[in-house]
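With our numbering applied, the sequence shown corresponds to residues 2 to 150, in that order. Positions of the beta carbon are idealized from the N, C-alpha and C atoms, including for glycine. Model, not experiment: these values are computed from the prediction. Before any comments, here is the structure.
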Amino acid sequence: MNVKGKKLSGIFENEKLIKIIIIIGIIAIAVIFLSSITDFDNSKQEEDGKMYSVEQYRTTLEKSISEMLSCIDGVGNVRVLITMENSTEQVYLQNSTDTKTKEIEPKIRGAVVACSGGANPVTADKVTETVTKALGISSSKVCVCKLSE
C-alpha cells in the first residue's frame with residue numbers, strides 16, 4: 002500500500018472519528034429533508050403580508066375607497082364594486098448576483114359606486130374625481146349612481 006492508502010485506513014480505524022462523520026452525515030440528510038418540506042421564501046413573504054390573492058386585493062381596495070367616499074359631504078351611504086382585468090403576476094427579475102421575483106398587482110378595469118347622493122351631479126363629480134385619482138383610472142371607467150333606499 003502506498004502512503005495515502007495507509008493514512009486513509011488509519012482514519013477509518015479511529016472509532017471516534019467514524020462516529021463524528023456519521024453524525025455529520027445524519028445532520029446533513031436531515032437538513033436536506035427539512036428544506037424540501039419547508040418553503041422558506043414563501044413563508045417569509047406571507048409573514049410580510051406581501052402575497053395577496055386578487056380577491057383580497059380587490060376587497061381591500063373596495064373597503065378603502067368606500068371609507069374615503071363616506072367622508073365626503075353629500076355622499077351618504079356608499080357601496081363600491083371594483084372589477085379587475087387580470088390576476089396577480091410573478092415576474093422574475095434577474096440581477097448579476099441573484100434572481101428575485103416581483104409581484105405585479107392586477108390592473109383595474111373599472112369601478113361602480115352606488116351612493117345616497119349619487120343623483121346629485123356635484124356629488125357624482127366629486128365621487129368620480131376621488132375614485133379616478135385613488136385608482137389611477139380614467140373617468141370613463143367609473144360609474145356613479147344613486148343607492149336605492
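(1) Can you check which of these residues, SER139, GLY75, GLY77 and CYS72, is closest to ALA112 by C-alpha distance?
(2) By the DSSP assignment, the alpha helix (DSSP H) with ILE30 in it spans what residues?
(3) Mind checking GLY137: buried by the 16 CB within 10 Å criterion, or exposed?
(4) What are the complete alpha helix (DSSP H) segments, minimum 4 residues, inside the stretch 55-114?
(5) Tell me whether ILE27 is buried or exposed, calling it buried when 16 or more other Cβ atoms sit within 10 Å of its Cβ.
(6) Have a look at ILE105 and VAL55 and give me their C-alpha separation to the nearest angstrom.
Well, looking at it:
(1) Walking along the sequence shown from the start, residue 112 turns up at place 111. Nearest C-alpha to ALA112: SER139.
(2) Residue 30 sits at position 29 when you count from the first residue of the sequence shown. It spans 16-38 - the alpha helix (DSSP H) in which ILE30 sits, taken as one unbroken run.
(3) Counted from its first residue, the sequence shown places residue 137 at position 136. GLY137 should be labelled exposed.
(4) 55-71
(5) For this step, residue 27 is matched to residue 26 along the sequence shown. Classification for ILE27: exposed.
(6) In the sequence shown, the residue the question calls residue 105 occupies position 104. In the sequence shown, the residue the question calls residue 55 occupies position 54. About 11 Å.
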